[in-house]
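Numbering of the sequence shown is given in numbering that gives the first Met the number 0, commencing with residue 0 and proceeding in unit increments. We treat Cβ as the ideally placed atom computed from N, Cα and C, and that holds for glycine. Note that the coordinates shown come from a computational prediction; the quantities given were computed from them, not determined experimentally.
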Amino acid sequence: MENKAIIGFTEALEEAVKLQTAKNYEDAALILGKTVEIVEEAGMYEDTDDEKFFCFNNVLEQILYNEVFNPGKELKQVPDNYADMYHKYGALLFEAKRYDEAEAVLKKAVRWNPVDTDILFELSEVYKVRGDWETFLPIMKQCLAYAYSKRALARSYRNLGFYFIEQEKYDTAAALYLFSLFFESENETAYYELGYIKEKTGKTPHQPSNKEEASVLIKLIEDNGVQTWANPQVIDIALSMGREAMKGNMPDEVRYFLGIAYELSGDKEIGEVLERLEYQDEDEYEQDEGKYDGEI
């Protein structure tokens, strides 16, 4: 069946968000539940031998998926964001403590966007509530692999810190919470959990004061099979896309993708290019066509 955009799809999602913000979870869930029903009855996009259909949030996610999963098919973006629909609905079901239903719905969201860390975080909450750590841990490692913001990295490390608290591996948990503060330095949850670890162990976790202490902390994390820092593959994709945007004279796209690469890497040269671009308007950018080629 050929699929068509559902009339009122976006409006339904927007209304559900308004109701959720007003803490009217029941009505929000009713709207999204009905939207899901209408969409599924109308017929979803079905993969073919040559094509796979997804709802990526941006082209970076699409390229990342293609490189990680290597599906061997052409990736097609559908007009309506089914991933977002299932994500919002699953989150509401989770709030209502309908965990089995939430799990099933959130798995559908993952099907439509397998590299969206926000969806994966939401799904992981189901397994956290159940204490299903064998399922929880691989999802957190996926989040680290797909993260393209400091916020996502920080949340991944905090969640992993919680996991290691549950395993009573307090030194590793403390290292992860401390490491998360590198990405979100004022996060209250991290400080609360570090206080909890202090109560349990009688030891006060503290941030490394020199490179030697930092290397010990990082080694402890890596020895427990956890990725430290952003995935270099993600940085490379963002950097490559930024370069392509430069060649195409698309300054907004350059700023967006190089901004991601800089946020994740802190690379000085990328930062210098972004700083120069900040003071240029579109006409000035076009006059400087090719100026930054080879700089990054």
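Please report the straight-line C-alpha distance between residue i and residue j, rounded to a whole angstrom.
i, j, result
"Glu-40", "Asn-230", "39 Å"
"Ala-15", "Tyr-126", "25 Å"
"Glu-187", "Ala-153", "12 Å"
"Phe-178", "Lys-106", "29 Å"
"Lys-210", "Ile-217", "10 Å"
"Asp-26", "Gln-19", "8 Å"
"Gly-247", "Lys-168", "50 Å"
"Gln-76", "Ser-208", "47 Å"
"Ala-108", "Tyr-85", "5 Å"
"Gly-71", "Val-35", "29 Å"
"Met-0", "Pro-78", "Its pLDDT being 36, under 50, Met-0 is placed unreliably by the model, and the measurement read from it follows with that caveat. Using only the alpha carbons, I get a separation of about 16 Å."
"Gly-194", "Leu-273", "38 Å"
"Phe-163", "Ile-236", "31 Å"
"Glu-185", "Tyr-176", "12 Å"
"Gly-270", "Ala-174", "29 Å"
"Phe-55", "Arg-110", "11 Å"
"Tyr-81", "Pro-204", "43 Å"
"Ser-214", "Ile-37", "54 Å"
"Leu-119", "Lys-22", "23 Å"
"Lys-267", "Ala-189", "28 Å"
"Phe-256", "Gln-61", "14 Å"
"Ile-138", "Lys-199", "27 Å"
So what does residue i bridge to, in DSSP terms?
i, result
"Lys-51", "Leu-74"
Return the residue from the list the options that minimises the CA-CA distance to residue i.
i, options, result
"Leu-63", "Lys-267, Thr-116, Val-35", "Thr-116"
"Asp-83", "Asn-57, Met-249, Ala-172", "Asn-57"
"Phe-93", "Leu-136, Glu-268, Asn-223, Ala-28", "Ala-28"
"Ile-234", "Gln-166, Tyr-190, Asn-248, Lys-149", "Lys-149"
"Pro-250", "Val-109, Gly-71, Lys-72, Tyr-278", "Tyr-278"
"Leu-31", "Lys-51, Asp-46, Thr-9", "Thr-9"
"Lys-33", "Asp-131, Ala-11, Tyr-24", "Ala-11"
"Glu-183", "Leu-263, Ile-236, Glu-165", "Leu-263"
"Lys-197", "Gly-258, Leu-219, Thr-171, Ile-220", "Thr-171"
"Asp-99", "Ile-269, Val-128, Lys-17", "Val-128"
"Asn-69", "Phe-55, Tyr-81, Asn-80, Lys-51", "Lys-51"
"Val-67", "Glu-268, Gln-232, Arg-242, Tyr-255", "Gln-232"
"Phe-135", "Ser-155, Ala-151, Glu-192", "Ser-155"
"Tyr-147", "Trp-132, Trp-228, Arg-157, Arg-97", "Trp-228"
"Ser-239", "Tyr-44, Gly-7, Asp-46, Leu-59", "Leu-59"
"Asn-223", "Lys-140, Tyr-191, Glu-212, Lys-202", "Lys-140"
Going by the beta-carbon positions, is the gap between residue i and residue j smaller than 8 Å?
i, j, result
"Ala-90", "Glu-121", "yes"
"Tyr-145", "Val-114", "yes"
"Glu-252", "Ala-260", "no"
"Glu-73", "Asp-49", "yes"
"Val-225", "Leu-159", "yes"
"Arg-242", "Leu-276", "no"
"Glu-165", "Trp-132", "yes"
"Asn-112", "Phe-161", "no"
For the alpha helix (DSSP H) that residue i lies in, which residues bound it at each end?
i, result
"Lys-127", "116-129"
"Arg-254", "250-264"
"Tyr-44", "Premise fails: Tyr-44 is in no alpha helix (DSSP H) and is neither H nor E."
"Gln-232", "231-246"
"Gln-141", "132-145"
"Tyr-156", "149-165"
"Gln-61", "58-68"
"Gly-194", "187-200"
Quick one: is residue i near chain C, going by C-beta distance under 8 Å?
i, result
"Asn-69", "The chain inventory of the structure shown lacks chain C, comprising one protein chain alone."
Could you tell me if the beta carbon of residue i falls within a distance shorter than 7 Å of some heavy atom in the ligand NAP?
i, result
"Val-109", "Only the bare structure without any ligand can be found here, which leaves the ligand NAP out of the picture."
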